[in-house]
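K.L.:
Take this structure, written in structure tokens, and hold onto it; I'll ask about it next.
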Amino acid sequence: QVQLVESGGGLVQAGGSLRLSCAASGSIWRFDFMGWYRQTPGKERELVAEITGSGGTNYADSVKGRVTISRDTARVTVYLQINSLKPEDTAVYYCAAGRVGPTYWGQGTQVTVSS
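Position 114 (the sequence shown) corresponds to 108 in the numbering used here; numbering is contiguous.
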């Protein structure tokens, strides 16, 4: 059983920063793919950032320049640093992991940005 547990969400003022963490545990814990997605009510879940086993990264256009994804060398924890937060960043943020894509999901952590 694979578990992904997110932490670090919360309420922050516009312009502030947050660092989200996601720790993986279970029988399959070395993931080549790890990423962060977000979802708001009535909208589809969207990619925020992803990182591969070789360290390659990809960011959504809406967060480029404000977000950094990173992972530990054991490939069991992934982080998302979000700076210059905007009200439109308000969403539930989900961690995802897998061999080549998002196979496993965390339960999500709420990020709320007040104006």
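Note that beta-carbon positions come from the ideal geometry of N, C-alpha and C, so glycine has one too.
Please name the residue or residues paired with Arg65 in a DSSP beta bridge.
P.N.:
As a position in the sequence shown, residue 65 is number 71, starting the count at 1. DSSP, once it has assigned bridges, lists Val72 as partnering Arg65.
K.L.:
Cα-Cα, which of Gly9, Arg13, Val(-4), Thr71 is closest to Arg2?
P.N.:
The count along the sequence shown starts at 1 and reaches residue 2 at position 8. Sequence inspection shows Gly at residue 2; the Arg mentioned does not correspond to that position. Ranking Gly9, Arg13, Val(-4), Thr71 by Cα distance to Gly2 puts Arg13 first.
K.L.:
Between the beta-carbon of Trp99 and the beta-carbon of Tyr87, is there less than 7 Å?
P.N.:
Here residue 99 refers to the residue found at position 105 of the sequence shown. Here residue 87 refers to the residue found at position 93 of the sequence shown. It is not a contact, given that the beta carbons lie outside the stated cut-off.
K.L.:
Could you name the residues of the same chain whose beta carbon sits closer than 8 Å to that of Arg39, not counting the 5 residues immediately before and after it, in chain order?
P.N.:
Locating residue 39 in the sequence shown gives position 45, counting from the first residue. For Arg39, where only same-chain residues beyond five positions count, the Cβ hits under 8 Å are Tyr31, Arg32, Gln33, Tyr88.
K.L.:
Taking the Cβ atom as the reference point for each residue, do Phe25 and Arg69 lie within a distance shorter than 7 Å?
P.N.:
Translated into positions along the sequence shown, residue 25 becomes position 31. Translated into positions along the sequence shown, residue 69 becomes position 75. The answer is yes: Cβ separation under 7 Å.
K.L.:
Which runs of the beta strand (DSSP E), 3 residues or longer, sit entirely within the segment 74 to 106?
P.N.:
Listed in chain order, they are 85 to 92.
K.L.:
Pull up the CB-CB distance for Gly29 and Leu41, whole angstroms please, since I reckon it's below 8 Å.
P.N.:
For the purposes of this step, residue 29 is taken as residue 35 along the sequence shown, with counting starting at 1. For the purposes of this step, residue 41 is taken as residue 47 along the sequence shown, with counting starting at 1. About 6 Å separates the two Cβ atoms, so the contact holds.
K.L.:
What separation, rounded to the nearest whole angstrom, lies between the Cα atoms of Thr106 and Pro35?
P.N.:
Residue numbering aside, residue 106 sits at position 112 when the sequence shown is read from its first letter. Residue numbering aside, residue 35 sits at position 41 when the sequence shown is read from its first letter. In a straight line, the C-alpha of Thr106 is about 13 Å away from that of Pro35.
K.L.:
Return the first residue and the last residue of the beta strand (DSSP E) that Glu38 is part of.
P.N.:
In the sequence shown, the residue the question calls residue 38 occupies position 44. It is not in any beta strand (DSSP E) - Glu38 carries neither H nor E in the DSSP assignment.
K.L.:
Going by C-alpha distance, which of Gly95, Val(-4), Gly102, Glu82 is nearest Ser108?
P.N.:
The residue labelled residue 108 in the question sits at position 114 within the sequence shown. It is Glu82 whose Cα lies nearest to the Cα of Ser108.
K.L.:
Measuring straight from C-alpha to C-alpha, what distance separates Ser122 and Ala91?
P.N.:
Residue 122 is absent from the structure shown; the chain starts at -5 and stops at 109.
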